[in-house]
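*Asks:* When we follow the UniProt record's numbering, the leftmost residue of the sequence shown carries the number 1, and every step to the right adds one.
Here a beta-carbon is modelled for each residue, glycine too, at the ideal position from N, C-alpha and C.
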Amino acid sequence: MLPNLPLPFPPDLISRAVSGFMAAVALAGSLVNVPIGGSSLPLPALPAATASTAVGQQELIDALNRARAAHSLPAVAPHPELGAIAQDWAQQQAAHGSRTNLSHRPNFTAGYPAGWTRAGEVITGGAAPDSADALVQRWLDSPSHRATVLDPAFTHAGAGVAPRADGSKVAVANFARF
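(1) When you compare the region 66-77 with the region 88-97, are there three or more beta-carbon pairs, one atom per stretch, that lie closer than 8 Å?
(2) Looking at the strands, I want to know which residues DSSP matches up with Phe154.
(3) For the candidate residues Gly56, Val161, Ala157, Asn101, whose alpha-carbon lies nearest to that of Thr109?
(4) Cα-Cα, which of Asn107, His96, Ser103, Pro113 is closest to Val172?
(5) Using the beta-carbon count (16 or more within 10 Å), is Thr117 buried or exposed?
(6) Per DSSP, which one or two residues make a beta bridge with Ile123?
(7) Based on the DSSP secondary-structure assignment, which residues constitute the bridge partners of Val161?
(8) With DSSP run on the structure shown, which of helix, strand or coil describes Phe178?
(9) Measuring straight from C-alpha to C-alpha, what distance separates Asp152 and Ser72?
(10) For Ala94 and Pro74, what's the separation of their Cα atoms in angstroms?
(11) Taking the C-alpha atoms as reference points, what is the distance between Arg177 and Pro80?
(12) Using the three-state DSSP reduction, which class does Ala77 fall into: helix, strand or coil?
(13) Helix, strand or coil: how does DSSP classify Arg118 here?
(14) Taking C-beta to C-beta, are Ala77 and Ala132 nearer than 9 Å?
(15) With H, G and I counted as helix, E and B as strand and the rest as coil, what does DSSP make of Leu135?
(16) For Glu59, collect the residues of the same chain with a Cβ closer than 7 Å to its Cβ; drop the 5 residues on either side in sequence, then sort them by chain order.
(17) Can you list, in chain order, the residues of its chain whose CB lies under 6 Å from that of Arg164, leaving out five sequence neighbours each side?
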């Protein structure tokens, strides 16, 4: 049996803290995405685009559409859910990815909204300070990335841009046909 020691805080304060913690846990649980495609594992909640990342995201979508227009292709419409997926992966790669070896998100379509019939993802990292056009040019200079960026079947895209500690950027674009 444990000794009956005095509590370092009043019981009502502990009760309120526990209640607040439980409310936060319940709220966090409600933010988890519903899995798509029959997976039994829920996906983590994706970060919402903030004002600072939204500018970079829109600049990247605009640069993608300029590249597509230069090849007589239709523009892709910005898609907020694809943007959240791209932003999340850009942030993860900026924080944890190797400077010389970025990787695609495994099973990147798991978080895509229902109804897509074609999907693609491109990722790049660049030396500071890269513009959106320079990041898109990196994709165009790679045959496999170029094929994705200039795929006429894609109707929507989401983009993410995240800074690394050294000031360079990681950019991700997720494409889909709906």
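*Replies:* Let me spell this out:
(1) Here the region 66-77 does not lie against the region 88-97, with fewer than 3 beta-carbon pairs under 8 Å apart.
(2) On the sequence shown, position 154 is the one that residue 154 refers to. Beta-bridge pairing links Phe154 to no other residue.
(3) To locate residue 109, count along the sequence shown from 1; it is residue 109. Closest option to Thr109, judged by alpha-carbon separation, among Gly56, Val161, Ala157, Asn101: Ala157.
(4) In the sequence shown, residue 172 corresponds to position 172, counting from 1. Of the listed residues, the one whose Cα sits closest to Val172 is Ser103.
(5) Taking the sequence shown and counting its residues from 1, one reaches residue 117 at position 117. Flag for Thr117 reads exposed.
(6) Here the question's residue 123 lines up with position 123 in the sequence shown. Ile123 is bridged to Val172.
(7) If you number the sequence shown from 1, residue 161 lands on position 161. Val161 is bridged to Ala171.
(8) As a working note, residue 178 is residue 178 in the sequence shown. DSSP places Phe178 in coil when its eight states are reduced to three.
(9) Taking the sequence shown and counting its residues from 1, the one referred to as residue 152 is at position 152. Taking the sequence shown and counting its residues from 1, the one referred to as residue 72 is at position 72. What sits at residue 152 in the sequence shown is Pro, not Asp. Rounded to whole angstroms, Pro152 to Ser72 spans 9 Å at the Cα level.
(10) Counting from one through the sequence shown, the residue named residue 94 turns up at place 94. Counting from one through the sequence shown, the residue named residue 74 turns up at place 74. Answer to the nearest angstrom: the Cα atoms are 30 Å apart.
(11) Mapped onto the sequence shown, residue 177 falls at position 177. Mapped onto the sequence shown, residue 80 falls at position 80. Answer to the nearest angstrom: the Cα atoms are 14 Å apart.
(12) Translated into the one-based positions of the sequence shown, residue 77 becomes position 77. If DSSP states are grouped into helix, strand and coil, Ala77 belongs with the strands.
(13) Sequence index remark: in the sequence shown, residue 118 carries index 118 (1-based). In the three-state reduction of the DSSP assignment, Arg118 falls in the strand class, which pools E and B.
(14) Residue 77 sits at position 77 when you count from the first residue of the sequence shown. Residue 132 sits at position 132 when you count from the first residue of the sequence shown. Cβ atoms of Ala77 and Ala132: not closer than 9 Å.
(15) Position 135 of the sequence shown holds residue 135. It is helical.
(16) Residue numbering aside, residue 59 sits at position 59 when the sequence shown is read from its first letter. Result list for Glu59: Ala132, in chain order.
(17) By one-based count along the sequence shown, residue 164 stands at place 164. Contacts found: Ala94.
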